[in-house]
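Notes to accompany the following structure.
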Amino acid sequence: MLKGRHLIEPADLTVSEIDEICSLAEQMIVDPVSFQDVCRGKILATLFFEPSTRTRLSFEAAMLHLGGTVEGFADASYTSSTKGETLADTIRVVSSYVDVIAMRSPKEGAALLASKFSSVPVINAGDGGHSHPTQTLTDLVTIRALQGGFEGHTIGFCGDLKFGRTVHSLTQALSRYRNNKFVFISPEELRIPSYIEDLLKPAGIEFIEAERLEDVIGQLDILYMTRVQKERFFNEQDYIRLKDSYILNKDKMKLAKQDMIVLHPLPRVNEISPEVDDDPRAAYFKQVKYGMFARMALIAKLTGAI
Ligand code: NCD
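This is how it looks when you write it as structure tokens:
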């Protein structure tokens, strides 16, 4: 039963609940009209304390497609947090107006904290470098649609694996399915955090680390590219040195399998050359569309509309 629950990280959902949400998203893709009124009278709040384009707008589009309405902010500088209001108080207030809250913060743990003070479900739309569970649902709906399921894949994550919350969340989710192998491709300074490796090791899940994309791209079924997370660096020089560590281009795509798919949570900076966009294996713009349906399914479940 998902009604009334919070979603802070992918592990908050069981494997069968993930299946339930993906199946509902698939039904919504096929027949969106049947769902256009299920959230009539319900309100989603989007509280974004950190910049966003896709995540906020896709949450809003999702609620509007379900017949609900939306209120919120995209820039916290116009809110009472600048007067010193605590997150706890903001959430107590907002949750008395709305039916569900989607919240993004630069601080790890902020969504969890918010959930302790909310009378309605809180959805983590990204908390610092920690987690981004609705991007994971987006990725899962995409993988199911394009690769048929979640088992038996070799998944390469490439780029900023240290700060990339989408990587942490998707690894956590895919590690629960059988026969997946992970290939973590990053510069030394941006390696996957040890707490993620500690999830994989005791479960006997195979993973390797690599520095060169060319060395491993030929093994992959899914290549998940990420941008270097500028806003989480303490030192601009380090960012400038590392930002173009990987650029996926046509030459590198020639080394990849014919049925590999390329995902990216977006925004892209330089890490995928636009010349790859026309390659049939480039799935990152399809992923955006799946993301809206994933969020529609999640909102419908958490609000008890379905
Ligand atoms: C990601 C994020 O915010 O973590 N973007 C998104 O939500 N689609 C990835 C990123 O910002 O690099």
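In this note's numbering, the protein residues as written are 77 to 382. Backbone N, C-alpha and C define an ideal beta-carbon position, used for all residues, glycine too.
Check, Outcome
"Contact the segment 110–127 vs the segment 239–247: 3+ CB pairs below 8 Å", "no"
"Beta-carbon proximity list for Leu222, same chain, < 8 Å, skipping 5 on both sides", "Ile337, Ala359 and Lys362"
"Test item: CB-CB of Thr122 and Ala178 under 8 Å", "yes"
"For Lys328 and His294, believed in contact at Cβ under 8 Å, the rounded distance", "Note that residue 294 is Gly in the sequence shown here, rather than His. Actually they do not touch by this definition, with Cβ atoms about 10 Å apart."
"Residue of Val345, Ala87 and Asp335 minimising C-alpha distance to His208", "Ala87"
"Reference Gln305; option with closest CA among Leu266, Lys326, Leu276 and Ser349", "Leu266"
"Cβ-based neighbour list, Ile272, same chain, cut-off 7 Å, excluding 5 preceding and 5 following", "His244 and Thr247"
"Bridge partner(s) assigned by DSSP for Ile298", "Ile231 and Ile337"
"Pair within 8 Å by beta-carbon distance, Ala373 and Met104", "yes"
"Arg168 versus Leu83 - alpha carbon distance", "17 Å"
"Proximity test, Ile247 beta-carbon vs ligand 1 heavy atom, cut-off 7 Å", "Looking at the sequence itself, residue 247 is Thr, so the reference to Ile does not match. For ligand 1, not one heavy atom lies less than 7 Å from the Cβ of Thr247."
"Spatial distance of Asp274 from Gln112 (CA atoms)", "43 Å"
"Assigned exposure category for Met368 - 16 Cβ within 10 Å defines buried", "buried"
"Nearest-angstrom Cα separation, counted from Leu331 out to Asp355", "13 Å"
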